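What follows is one structure encoded as structure tokens, with my remarks underneath.
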Amino acid sequence: MRSLSLLVVAIAPAVNAFIDRVNHTSQIRLAFHGNDGMMVSWNTFDRVDKPTVRWGLTEGNLNETSQSTISVTYPTSTTYNNHVLVTGLKPGTTYFYQPSPLVNTANKKPFNFTTSREAGDARPLTIAYVADLGTMGARGLTTNASSSVAPNNILKPGEQNTIESLAAVQSGYDFLWHSGDIAYADYWLKEEIQGFLENTTIADGYKVYEAILNDFYDEMMSVTAYKPWMVGPGNHEANCDNGGTTDKTKNITYDVSICMPGQTNFTGYKNHFRMPSDVSGGTGNFWYSWDSGLAHFIQIDTETDLGHGFIGNDEIGGIEGEGASPVNATMNAQTAWLEADLAAVDRSKTPWVIVAGHRPWYLSHKNDSGTICWTCKDVFEPLLTKYNVDLVLSGHAHVYERQNPLAFEKQDPNGLNNPSFPWYITNGAAGHYDGLDSLDSPRKPYSKFGLDTKDGVYGWSRLTFHNCTHLTHEYIASNNNTAVDAATLFKARTCAGVNGTIPGQNTNSTSPRDGYRSTEFVDDE
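Under mature numbering (1 follows the signal peptide of the UniProt record, and there is no 0), residues -17 to -1, 1 to 508 are what the sequence shown spells out, in order.
So this is what it looks like as structure tokens:
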């Protein structure tokens, strides 16, 4: 650990260059709140006494008003986070809305959102999923980088990035699920040491950290002002220097002790978002659940609050030394909630149960001891298997890998044709400054498809719930919006509680041959 007063990378006149770039937008973002509510959040430079959202069913008639008194900030933040819950909405309905005040007052045109579908709505549902998505452009992933980044992981001139891809095809999915590692603002020091960003003092580093955050939230608004953005915690939200940073030329290793108040203990993450834990019995933005149509979605926290005698990697005493506090004081709170939530799912209405957490425990990763979350496996896998969870999504490793359904190290002999075990997919390849990671070679026996640094293909996941029995996962290449890998999961079941049928589809099927038979693209390895 080093004293803050002694930590100097280099004194530079360019700090204001970072400050000047922040907040070109109000960073508007949405989150489901049941199927009759929507949380609308945005940022302003000053505290707002009564943040206000005007809304209505048509763009030209915003005849309803919702207000709150929630306008919060934290030490080192350059803005206030405003949160207004809009209630009294109809499920699966599009509304137009306008928050006020906004940073960019020139934007007078209302935005729009669509509420969550009612549980049991039988219409096909498509969602987008990402993890490990960082800032793009001059502060992050762009057309140049330091020598530490593989050349094929640097964007080509004019290449579309993941945020642009998500924005380009947003009419094709209902919401965006982002299970941790948001913006990578904590890479500010690494980027300076590697010569990618202009150097500043450690004492002024918080300004660069906040500027990177603001750049990212500005970039995301092209999606998040229109699509609910359901988030989960990752290790890079924990503090301003997650994992520590070493300056080899000066033989100095920095750690969380350099972080200013407000840039530790997930503070920015806690302030910026408002997830629906209050209506699902969860805790903050850390664990919660929601329904939409044919599916029940669960976000878990792999960073803290594992319980049962385990210490989360990001907690005080955790192996990564990030110093975060548990977010719930009740012993075993997360797993007690998770079991109750899983037990309460009405599978006749929401037959599909999907769980996402940041860290994986099944992965062909070279640095498996530092990437695989064995404690998460011990804590969560018994519950996910017991309650027949269909799909488990994760990130953390900057790779894509699709596994066979698994339970306790064993592959389901049925594969994707009516398995009893959960299907595991890791996709942490959305892109950030540092590029992609490597998968082990050969991959694990349970691995069905993988992409890593040698492929250099950034992407996101598209999930399509065709009906009660068929779910397709696709890896969408961000550069051209096409599927690089796809596979369909079949479950033999009937779902008496779903509402309505879709022409040309059998909603209650016991056969995999319903037009969505599993399609697996050929792996070149």
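Even glycine gets a Cβ: it sits at the ideal position worked out from N, Cα and C. Because the structure is a prediction, the values reported are computed rather than measured.
Check whether the Cβ atoms of Val310 and Thr266 sit closer than 7 Å, and answer yes or no.
Yes.
Cβ shell of Leu366 (< 7 Å), same chain only, five flanking positions each side left out:
Result list for Leu366: Thr318, Leu321, Glu322, Leu325, in chain order.
According to the neighbour-count rule (16 or more other Cβ atoms, all chains shown, within 10 Å of its Cβ), is Met314 buried or exposed?
Exposed: under 16 other Cβ atoms inside 10 Å.
By DSSP, does residue 561 sit in helix, in strand, or in coil?
Residue 561 lies beyond the residue range present for the chain, which begins at -17 and ends at 508; the question has no answer from this structure.
Option in Tyr458, Ala460, Cys478, Thr447 with minimal Cα separation from Leu472:
Nearest C-alpha to Leu472: Thr447.
To test your reading of the DSSP string, which unbroken alpha helix (DSSP H) runs of 4 or more residues are found completely within the region 340 to 378?
Entirely contained in the region 340 to 378, the alpha helix (DSSP H) runs reaching 4 residues are, in chain order, 351 to 354, 357 to 369.
Helix, strand or coil, according to DSSP, for Pro216 in the structure here?
In this structure, Pro216 counts as coil in the three-state DSSP scheme.
Using DSSP with H/G/I as helix, E/B as strand and the rest coil, what is Cys451?
In the three-state reduction of the DSSP assignment, Cys451 falls in the coil class.
Quick one: grab the DSSP three-state call for Ala111.
The answer is strand: DSSP assigns Ala111 an E or B state.
Can you check the region 214 to 289 for any beta strand (DSSP E) of at least 3 residues that lies completely inside it and give the ranges in chain order?
DSSP runs (the beta strand (DSSP E)) wholly in the region 214 to 289: 228 to 230, 235 to 237, 271 to 275, 278 to 282.
I need the boundaries of the alpha helix (DSSP H) containing Lys431, first residue and last residue.
Secondary structure note for Lys431: it is in no alpha helix (DSSP H), and the uninterrupted beta strand (DSSP E) holding it is 430 to 434.
Is the region 402 to 411 touching the region 136 to 147 in the sense that three or more CB pairs, one from each, lie closer than 8 Å?
Touching, no.
Decide if the region 368 to 378 is in contact with the region 333 to 348; the criterion is three or more beta carbon pairs, one per stretch, under 8 Å apart.
Output reads yes: the region 333 to 348 touches the region 368 to 378.
Kindly indicate which residue of Ala111, Val55, Leu40 has the alpha-carbon position closest to the one of Ser461.
Of the candidates Ala111, Val55, Leu40, Ala111 places its Cα closest to the Cα of Ser461.
To the nearest angstrom, how far is it from the Cα of Ala316 to the Cα of Ser308?
Roughly 14 Å between the two C-alpha positions.
Endpoints, alpha helix (DSSP H) assigned at Phe199
In this chain, the alpha helix (DSSP H) harbouring Phe199 covers 188 to 207.
In three-state terms, what does DSSP make of Ala380?
Coil at Ala380, not helix or strand.
To the nearest angstrom, report how far apart Met21 and Thr183 are at their CA atoms.
Those two C-alpha atoms are separated by around 40 Å.
CB contact flag (Arg204, Thr8, <7 Å):
Correcting the residue identity first, residue 204 is Met in this sequence and not Arg. Inclusion of Met204 and Thr8 in the CB contact set at 7 Å is warranted, their separation being smaller than that value.
Whole angstroms is fine: what's the gap from Ile165's alpha carbon to His219's?
Going from the Cα of Ile165 to the Cα of His219 covers about 7 Å.
Give the straight-line distance between the Cα atoms of Lys474 and Glu392, rounded to the nearest whole angstrom.
Approximately 21 Å between the Cα atoms of the pair.
With DSSP collapsed to three states, give me the class of Trp25.
In the displayed model, Trp25 falls within a strand according to three-state DSSP.
Take Tyr252 as the anchor and find which of Val214, Phe293, Phe158, Leu116 has the nearest alpha-carbon.
The residue with the shortest Cα to Cα distance from Tyr252 is Val214.
CA-to-CA distance, Asp423 to Glu384, given in whole angstroms
C-alpha separation (whole angstroms): 11 Å.
Apart from the five residues on each side of it in sequence, which residues of its chain come closer than 7 Å, Cβ to Cβ, to Gln177?
Cβ contact annotation for Gln177 (same chain, cutoff 7 Å, sequence separation greater than five): Ser129, Ser131, in chain order.
Report the rounded CA-to-CA distance for Asp261 versus Asp329, giving the unit in angstroms.
Distance between the alpha carbons of Asp261 and Asp329 is about 20 Å.
Per DSSP, which one or two residues make a beta bridge with Glu47?
Per DSSP, the beta-bridge partners of Glu47 are Trp38.
Can you give the Cα-Cα distance for Asp274 and Val382, rounded to whole angstroms?
The straight-line gap from Cα to Cα measures roughly 28 Å.
Helix, strand or coil at Asp329 according to DSSP, with G and I counted as helix
When secondary structure is reduced to three states using DSSP, Asp329 falls in the coil class, being assigned neither helix nor strand.
Assuming Tyr189 and Cys223 form a contact by the criterion Cβ under 8 Å, report the distance between their Cβ atoms to the nearest whole angstrom.
Indeed, because the Cβ distance is near 7 Å, the residues count as touching under 8 Å.
Over the uninterrupted beta strand (DSSP E) stretch that includes Ile408, give me the two end residues.
That run of the beta strand (DSSP E) goes 406 to 410.
Going by DSSP, name the residue or residues bridged to Lys427.
For Lys427, no pairing in a beta bridge is given by DSSP.
Does the Cβ-Cβ distance between Met258 and Asn268 come in under 7 Å?
It is a contact, given that the beta carbons lie within the stated cut-off.
Neighbourhood of Gly301 by C-beta distance below 7 Å, restricted to the same chain and skipping five residues each side
Ile294, Gly295, listed in sequence order.
Going by CA-CA distance only, name the one from Gly353, Gly433, Pro244, Phe79 that's closest to Glu47.
Looking at the Cα atoms, Phe79 is the closest of the given residues.
Neighbourhood of Arg30 by C-beta, 8 Å cutoff - its chain only, sequence neighbours within 5 removed:
Apart from the 5 residues on each side of it in sequence, Arg30 sits with its Cβ closer than 8 Å to the Cβ of Ser54, Thr56, Tyr63 in its chain, given in chain order.
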